[in-house]
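Chemist: If you scroll down you'll find the structure; I have some questions about it.
2 protein chains.
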Amino acid sequence: MKLLIVFITIVCIERCYALRGKHHYRSINTPIPANFSVKWYSQRVDHFSYVNNDRYNQRYIISTDHWGEGCPIFLYAGNEGDIFMFANNTGFMWQNAQRFQAMILFAEHRYYGQSIPYGKLDRNLTHLGYLTTEQALADFAEFIQYIKETIPGAHNSPVVVFGGSYGGMLAAWFRIKYPHLTIGALAASAPILQFPGLYNCNDYFNIVTNDFKQYSDKCSQSIRNSWPAVRRLLASSDGRKWLSDTFVLCKPLADTQDQDFITWLSSTWENLAMIDYPNNASFLQPLPAFPIKETCKRLTNPDQNDKQLIQDIYNAASVYYNYTGSAKCNDISVEAQDLGTDGWSFQACTEMVLPVCSNGETDMFEKNEWNITKYSDNCYKNYGVKSDGEKALVLFGGKHITTATNIIFSNGLRDPWSAGGVLQTVSPSLIAIQIPNACHHEDLRPVGPNDPPALRDARNQEITIIMKWINDYYLKLSFNPFNEINY
Amino acid sequence: MKLLIVFITIVCIERCYALRGKHHYRSINTPIPANFSVKWYSQRVDHFSYVNNDRYNQRYIISTDHWGEGCPIFLYAGNEGDIFMFANNTGFMWQNAQRFQAMILFAEHRYYGQSIPYGKLDRNLTHLGYLTTEQALADFAEFIQYIKETIPGAHNSPVVVFGGSYGGMLAAWFRIKYPHLTIGALAASAPILQFPGLYNCNDYFNIVTNDFKQYSDKCSQSIRNSWPAVRRLLASSDGRKWLSDTFVLCKPLADTQDQDFITWLSSTWENLAMIDYPNNASFLQPLPAFPIKETCKRLTNPDQNDKQLIQDIYNAASVYYNYTGSAKCNDISVEAQDLGTDGWSFQACTEMVLPVCSNGETDMFEKNEWNITKYSDNCYKNYGVKSDGEKALVLFGGKHITTATNIIFSNGLRDPWSAGGVLQTVSPSLIAIQIPNACHHEDLRPVGPNDPPALRDARNQEITIIMKWINDYYLKLSFNPFNEINY
Chain A
1 MKLLIVFITI
11 VCIERCYALR
21 GKHHYRSINT
31 PIPANFSVKW
41 YSQRVDHFSY
51 VNNDRYNQRY
61 IISTDHWGEG
71 CPIFLYAGNE
81 GDIFMFANNT
91 GFMWQNAQRF
101 QAMILFAEHR
111 YYGQSIPYGK
121 LDRNLTHLGY
131 LTTEQALADF
141 AEFIQYIKET
151 IPGAHNSPVV
161 VFGGSYGGML
171 AAWFRIKYPH
181 LTIGALAASA
191 PILQFPGLYN
201 CNDYFNIVTN
211 DFKQYSDKCS
221 QSIRNSWPAV
231 RRLLASSDGR
241 KWLSDTFVLC
251 KPLADTQDQD
261 FITWLSSTWE
271 NLAMIDYPNN
281 ASFLQPLPAF
291 PIKETCKRLT
301 NPDQNDKQLI
311 QDIYNAASVY
321 YNYTGSAKCN
331 DISVEAQDLG
341 TDGWSFQACT
351 EMVLPVCSNG
361 ETDMFEKNEW
371 NITKYSDNCY
381 KNYGVKSDGE
391 KALVLFGGKH
401 ITTATNIIFS
411 NGLRDPWSAG
421 GVLQTVSPSL
431 IAIQIPNACH
441 HEDLRPVGPN
451 DPPALRDARN
461 QEITIIMKWI
471 NDYYLKLSFN
481 PFNEINY
Chain B
1 MKLLIVFITI
11 VCIERCYALR
21 GKHHYRSINT
31 PIPANFSVKW
41 YSQRVDHFSY
51 VNNDRYNQRY
61 IISTDHWGEG
71 CPIFLYAGNE
81 GDIFMFANNT
91 GFMWQNAQRF
101 QAMILFAEHR
111 YYGQSIPYGK
121 LDRNLTHLGY
131 LTTEQALADF
141 AEFIQYIKET
151 IPGAHNSPVV
161 VFGGSYGGML
171 AAWFRIKYPH
181 LTIGALAASA
191 PILQFPGLYN
201 CNDYFNIVTN
211 DFKQYSDKCS
221 QSIRNSWPAV
231 RRLLASSDGR
241 KWLSDTFVLC
251 KPLADTQDQD
261 FITWLSSTWE
271 NLAMIDYPNN
281 ASFLQPLPAF
291 PIKETCKRLT
301 NPDQNDKQLI
311 QDIYNAASVY
321 YNYTGSAKCN
331 DISVEAQDLG
341 TDGWSFQACT
351 EMVLPVCSNG
361 ETDMFEKNEW
371 NITKYSDNCY
381 KNYGVKSDGE
391 KALVLFGGKH
401 ITTATNIIFS
411 NGLRDPWSAG
421 GVLQTVSPSL
431 IAIQIPNACH
441 HEDLRPVGPN
451 DPPALRDARN
461 QEITIIMKWI
471 NDYYLKLSFN
481 PFNEINY
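As you go down the protein sequences, you meet chains A and B in turn. Going by UniProt numbering, the residue at position 254 of the first sequence is 254; the numbering climbs one at a time, nothing skipped. Going by UniProt numbering, the residue at position 150 of the second sequence is 150; the numbering climbs one at a time, nothing skipped.
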């Protein structure tokens, strides 16, 4: 291994020299620890037919602070949100740029952030219908090609793809579908097995529940007891008004919004389970270290009367929604800052069908069975399309990924999405890294003072593996007289 | 190896038993040596967006004569023509069905034969625009899924994909893009490296020329001398009339058709070089064994005057166009029976940009440089789309295929398309088979009395490799308690 690292250093020093004439600006008001530029690439709206030849502008962030000719490119496969949200929360790439002499790219996913074809997101299928994973992957492919062709010295640079959550799925699938454009993928918290028939849909809410239970039984029991209490309050207009006031809702609850309110409240606990990070963080919401601990401090008495209990529930939920104290009111259509819930809702309705279910027994939620017919009918009502739970499996293979190579599947075991993650190593180059006590793509986050040893180990393991991919690539390159990987 | 063959036999005997209730009819007027059915599958027109939810009927041929539950499926990835053309000329699959207890499937390619979305083929891009390789590959993926779900006992059957020429490219790319749906591909005469920048565009016409030269120098010299003679005749209306009469053209040549006539005549020699099979055959045209030999018998005097030479050229071309004597007249817009030239012309104009060029020195053709701008402008004029010579490389990787596994690339070395074929073995499971003295996907043809030993060897090698893929699959299957390949 040491020999290989020496080798890459020699090769890289030979190939890399500092780029000149950079036009960058120092980041302002972001935790991005580098100079970067924001740029746009003119993408095809439809990569797979010639019916529509429109183009849209895809936003990307680029930093070449540490890069030189021939050196690696780290590309983040943007997921369902503003690209800065991911750039700001993927310290792993920025903090390793110097070590790898890597160019850093964050490519925004179509229909999110500012990369929206046809202007504002609307539900007209002639506009929204091109929001699919295959099109997004083809965007990344075209984008890599463009970068390699237009940045001098990038032509032979190895590309490593990174992504977390849905972005992790994209990273893994990109390596599977476009292995000629990337040498490997770090797919953090990527639930590629969370499709119908591949996993037990109870697992997701069981993990959420255990994350709360771990702090205190009274905490999880309070949430469990809250549902019938909320339902009783929702049953009357007085109760709805009390809930609207207590939760400081921006708009009073209508009598058709029972389920919306329940779903919003439930998502609070789900999201907290994803991001119960050991350091303060600003992903989804600005939060203190160990936010569930903070939350559970406010849920100590599950056996109060309805209003007392729900008042506590509000106080607890406020850790998530208003830790900074800056929120004027709560909007139950918004679960997280900067996430494109409209776009994701369409994707979840079409191909990204990731079933979750709760039984109210092993978990602290209302009983909710997974019913694809009901789910699909609802999608049809909202978007005019039916859900196809099989499509992603036909396209990407589900669990049949043995032929792929060079993918790291990392999962924090306290993350509910680890339920659909690849938790077992599949082959010598399809490596699963389980991170006990860690949450949603915690390994991608910047290094923090409270990081547990298992997280630090995981990051080191990832660096070693990525280093090996890069070394292997340069080795092959150096054996090729035409300075290109042959075949 | 022997042990493995014993193993597959045991496993297969265990799993396979004869299907009952088959409703087949014996083939009539075709060389298909089995019972088969013709069926239709309702396919999405657009697999990659939700803008167009139309469907079309994809035709396929199915035969289960030798198949039983769990046994292999052989799928031919239909290319640019009527699916019966390929079924009738792919004896390799039919003749090995019993040996492998294989189900035989031939799936017609969208926009060819009778599988045409929106009825008749037209150039309206809202209809024709879905004719792309990615959509065709997705058709095959959905089709395999459908077969596995609807035919009892097919769920765990390993699928081997076959294809010749463009169908061979599809077979290879299908294994590359959908490795979870097929265990391997036999890509016969698949010019996946014939894209801009990957090969020497002269090679194609050099091979055509050498195929004729091999029979006699006078033959190739006659063709070489014919071009200026034809040009001189085309220069006057008398000459055009003489050419129209001599070539028994269905419509007299207009003065705008010089290049069309030259292209049509040139394609005669190109096609003959593809199909100079050692047995009589009916692929592209009904022809005797060694048709170039027959052709060259009529081209013995390159140094005659223009009309004498071109009269010989006509007689020689008639071997190709009218060997049976049944053709009433020649239509210069038709080069081959049952090939969908209209559809292919669109594909060649968009993504399947396969440059060829001639220098008039090492080859027997007019000098013709490859000019992508001119080519693309012409495409734009005809279809309203520009050519993108890079697209297929971004999608499928060009020569960067090292990560793929289980593909056989076979090439007859007298086939001009071998110029763009994978001629060198890339890895232990990406195997190139060169077949000296063989032509275009000759290994896929039915066994014939004049088959050279090298061809018989190639077929045996292919059978051994495919057998290994199947054995490996069953081995994995037998180790899996859930009766499914895991991961």
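Note that the Cβ used here is the ideal one computed from N, Cα and C, for glycine as well. Remember, predicted model here, so these are calculated numbers, not experimental data.
Which runs of the beta strand (DSSP E) spanning at least 3 residues fall entirely within the segment 193–227 of chain A, listed in chain order?
Modeler: Here no run is fully enclosed.
Chemist: At what residues does the alpha helix (DSSP H) containing A/M103 begin and finish?
Modeler: Careful: A/M103 lies outside any alpha helix (DSSP H), inside the beta strand (DSSP E) at M103 to A107.
Chemist: Buried or exposed: which applies to B/N450, given that a residue is buried once 16 or more other Cβ atoms fall within 10 Å of its Cβ?
Modeler: It is exposed - the Cβ of B/N450 has fewer than 16 other Cβ atoms within 10 Å.
Chemist: On a CA-only basis, which of B/Q424, B/L249 and B/L105 is nearest B/H66? Give me that one, please.
Modeler: Checked all of B/Q424, B/L249 and B/L105; the closest Cα to B/H66 is B/L105.
Chemist: Going by DSSP in three states, A/A77 sits in which element: helix, strand or coil?
Modeler: In the structure shown, A/A77 sits in a strand (DSSP, three-state: E or B).
Chemist: Once DSSP output is grouped into helix, strand and coil, what is the label at B/N29?
Modeler: Reliability of the predicted coordinates at B/N29 is poor, the pLDDT of 45 falling under 50, and the value obtained from them is presented with this limitation in mind. Three-state DSSP puts B/N29 in coil, outside helix and strand.
Chemist: Could you give the distance in angstroms between the alpha-carbon of B/P72 and the alpha-carbon of B/I470?
Modeler: C-alpha separation (whole angstroms): 8 Å.
Chemist: Please go through the same chain and pick out, in chain order, the residues whose beta-carbon is closer than 6 Å to the beta-carbon of A/I310, but skip the five residues on each side of it.
Modeler: For A/I310, where only same-chain residues beyond five positions count, the Cβ hits under 6 Å are A229.
Chemist: Just mark B/Y60 as buried or exposed, buried being the case when its beta carbon has 16 or more other beta carbons within 10 Å.
Modeler: So B/Y60 counts as buried.
Chemist: Measure from the C-beta of B/E134 to each C-beta in chain A and report whether the shortest distance is under 7 Å.
Modeler: Yes - at least one Cβ of chain A is within 7 Å of the one on B/E134.
Chemist: From B/A188 to B/G168, what distance separates their C-alpha atoms?
Modeler: The straight-line gap from Cα to Cα measures roughly 5 Å.
Chemist: Whose C-alpha, out of A/Q43, A/R55, A/G78 and A/R99, is nearest the C-alpha of A/N460?
Modeler: Of the listed residues, the one whose Cα sits closest to A/N460 is A/R99.
Chemist: Enumerate in chain order the residues of its own chain whose CB-to-CB distance from B/N202 is below 8 Å, with the five nearest sequence positions on each side excluded.
Modeler: C357, S358, N359, T362 and D363, listed in sequence order.
Chemist: So which residues on chain A does B/V385 lean against when the C-beta distance must stay under 7 Å?
Modeler: Correct list: Y50.
Chemist: So is A/G21 buried or exposed if we call it buried at 16+ other beta carbons inside 10 Å?
Modeler: Unreliable placement is indicated for A/G21, whose pLDDT of 33 sits below 50; no coordinate value is reported for it.
Chemist: Cβ of A/C329 versus every heavy atom of the ligand ATP: is any distance shorter than 6 Å?
Modeler: Annotation note on the ligand ATP: not contained in the displayed structure, which lists no ligands.
Chemist: Tell me B/K39's beta-bridge partners as DSSP assigns them.
Modeler: According to DSSP, B/K39 bridges with B/Y60.
Chemist: By alpha-carbon positions, which one of B/T268, B/A348, B/Y111 and B/F174 ends up nearest to B/E142?
Modeler: Cα-wise, what sits closest to B/E142 is B/F174.
Chemist: Which full runs of the alpha helix (DSSP H) of 4+ residues lie inside the segment 236–293 of chain A, going along the chain?
Modeler: Correct list: 237–246 and 258–274.
Chemist: Are the segment 208–224 of chain A and the segment 262–275 of chain A touching, with three or more C-beta to C-beta distances below 8 Å?
Modeler: They touch, by the three-pair rule.
Chemist: Counting only C-beta atoms, is B/A145 closer than 7 Å to chain A at any point?
Modeler: The question names Ala, but residue 145 of chain B in the sequence shown is Gln. Yes, contact with chain A.
Chemist: Closer than 7 Å by beta-carbon distance: list the chain A residues that pair up with B/T403, in chain order.
Modeler: Result: P179 and T405.
Chemist: Using beta-carbon positions only, say whether A/E349 and A/S387 come within less than 7 Å of one another.
Modeler: Checking the displayed sequence, the identity of residue 349 of chain A turns out to be Cys instead of Glu. Yes, these two residues count as a Cβ contact at 7 Å.
Chemist: Report yes or no: is there a C-beta of chain B within less than 7 Å of the C-beta of A/S190?
Modeler: A quick correction: the sequence has Ala, not Ser, at residue 190 of chain A. Judged by the 7 Å Cβ criterion, A/A190 is not in contact with chain B.
Chemist: Taking B/I454 as the reference, give the member of B/R414, B/D255, B/T425 and B/P428 with the closest Cα.
Modeler: The question names Ile, but residue 454 of chain B is Ala in the sequence shown. When each option's Cα is compared against that of B/A454, the closest is B/R414.
Chemist: Determine whether the beta carbon atoms of A/T133 and A/V159 lie at a separation below 7 Å.
Modeler: No.
Chemist: Under 9 Å, CB to CB, which of the residues in the segment 111–141 of chain A have a partner in chain B?
Modeler: For the segment 111–141 of chain A, which is checked against every Cβ of chain B, the residues closer than 9 Å are L125, T126, H127, L128, G129, Y130, L131, T132, E134, Q135, A138 and A141.
Chemist: I want to verify the contact list: residues of chain B whose CB lies under 9 Å from the CB of A/G397, in sequence order.
Modeler: The answer, in chain order, is Y178, P179, H180 and L181.
Chemist: Here's the rule: buried if 16 or more other CB atoms are within 10 angstroms of the residue's CB, otherwise exposed. What is A/Y277?
Modeler: Counting Cβ neighbours within 10 Å, A/Y277 comes out buried, since at least 16 surround it.
Chemist: Quick one, which of B/H441, B/E366, B/D312 and B/V38 has its alpha-carbon nearest residue 492 of chain B's?
Modeler: This structure leaves residue 492 of chain B out entirely; chain B is present only between 1 and 487.
Chemist: If B/A136 and B/H109 are in contact, beta carbons under 8 Å, what's the gap, nearest whole angstrom?
Modeler: 5 Å between Cβ atoms; contact.
Chemist: Can you have a look at B/N329 and say buried or exposed, based on whether 16 or more other CB atoms are within 10 angstroms of its CB?
Modeler: Residue 329 of chain B is actually Cys in this sequence, not Asn. When all chains shown are included, B/C329 counts as exposed.
Chemist: Kindly indicate the opening and closing residues of the alpha helix (DSSP H) around residue 535 of chain B.
Modeler: The structure shown does not extend to residue 535 of chain B, since chain B is modelled only from 1 to 487, so the question has no answer here.
Chemist: According to a CB-to-CB cut-off of less than 8 Å, which residues of the segment 37–61 of chain A neighbour chain B?
Modeler: Hits within the stretch, in order: D46, H47, F48, S49, Y50, V51, N52 and N53.
Chemist: Using DSSP's beta-bridge definition, name the partner residues of A/A187.
Modeler: BP columns for A/A187 point to A/G163 and A/F409.
Chemist: Taking C-alpha atoms, which residue in A/K381, A/I372 and A/T268 lies nearest to A/I332?
Modeler: The shortest Cα separation from A/I332 among A/K381, A/I372 and A/T268 belongs to A/T268.
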